[in-house]
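All remarks here apply to the structure that follows.
Following this line, the structure appears as structure tokens:
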């Protein structure tokens, strides 16, 4: 069975600083994808970044990077130079190659302070 | 614009009154899913569909029905809604199984009183 754990229900960061949101996972699938989504207060789910389990390099998308440590089964999201608009709920998710289900963590609410 | 369209965005209904939440995608995706989001639980899959006329249960299917008569549409049906189905619902689609991410609809906030 697949499981995603986000241990930080809430996080605070000062504007312009970097922040790391933690995510650990458990799966028996040899091939899988890891995803991060942002959910602002308006409610929609916005895709941020993807990491494949066989990718050699950590994924980056603008100010977002994914710190992927396969042996530790962790896929932390790093947001550099935080902005007020980054305040939102962030979900880590995983999908196995042979799986129809994308599993989500419970989420981390990030608040960026001015 | 490539998108998943859900309707309605907000719905308040009474216990036992049948309702349907519609979902449509214009990306020719094979896979579609319904999720519900509850505080502290993240998103949990209700039902999914791998193609037309092929559907299967997710983690929390009780009290819900789905159908996939056309590739683009995947409605969620609550035959007899109960207050414990008050939640935020998302429809999502993906091109294929496995390593493809989902594109999500805007969500439907349902309140059952």
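Chains as they are written, first to last, in the working numbering: chain W, 1 to 114; chain L, 115 to 227.
Built from N, CA and C at the ideal position, the CB exists for glycine as well.
In the DSSP assignment, find the unbroken beta strand (DSSP E) run with residue 178 of chain L in it and report its ends. Counted as a single uninterrupted DSSP element, the stretch harbouring residue 178 of chain L is not any beta strand (DSSP E), since DSSP gives it neither H nor E.
For residue 75 of chain W and residue 61 of chain W, the rounded distance between their alpha carbons: Taking the straight line from one Cα to the other gives about 15 angstroms.
In its own chain, which residues sit with a C-beta less than 6 angstroms from the C-beta of residue 126 of chain L, not counting the 5 before and 5 after it? Excluding sequence neighbours, residue 126 of chain L sits near 225.
How about residue 101 of chain W: is its C-beta nearer than 8 angstroms to some C-beta of chain L? Residue contact with chain L for residue 101 of chain W: present (Cβ-Cβ distance below 8 angstroms to some residue of chain L).
Which residues in chain L have a C-beta closer than 9 angstroms to the C-beta of residue 63 of chain W? List them in chain order. The contacting residues do not exist; residue 63 of chain W stays about 19 angstroms from chain L at best.
How do the segment 148-166 of chain L and the segment 191-202 of chain L stand: do at least 3 beta-carbon pairs fall below 8 angstroms, yes or no? Short answer: they touch.
In terms of alpha-carbon separation, which member of W/41, W/57, W/63, W/55 lies closest to residue 48 of chain W? Of all alpha-carbon atoms in W/41, W/57, W/63, W/55, the one lying nearest the alpha-carbon of residue 48 of chain W is that of W/63.
Burial state of residue 79 of chain W (16 or more Cβ within 10 Å): Its Cβ being crowded by 16 or more others within 10 Å, residue 79 of chain W is buried.
Please classify residue 195 of chain L as buried or exposed, where buried requires at least 16 neighbouring CB atoms within 10 angstroms. It counts as buried.
When you compare each of L/116, L/129, L/174, L/214 to residue 142 of chain L by their alpha carbons, which one comes out closest? The shortest C-alpha to C-alpha distance from residue 142 of chain L to any of L/116, L/129, L/174, L/214 is the one to L/116.
Apart from the five residues just before and just after residue 12 of chain W, which ones in its own chain have a Cβ nearer than 7 angstroms to its Cβ? 111, 113, listed in sequence order.
Would you mind working out which of W/35, W/28, W/52, W/54 sits nearest residue 45 of chain W, comparing C-alpha positions? With distances taken between Cα atoms, residue 45 of chain W lies closest to W/35.
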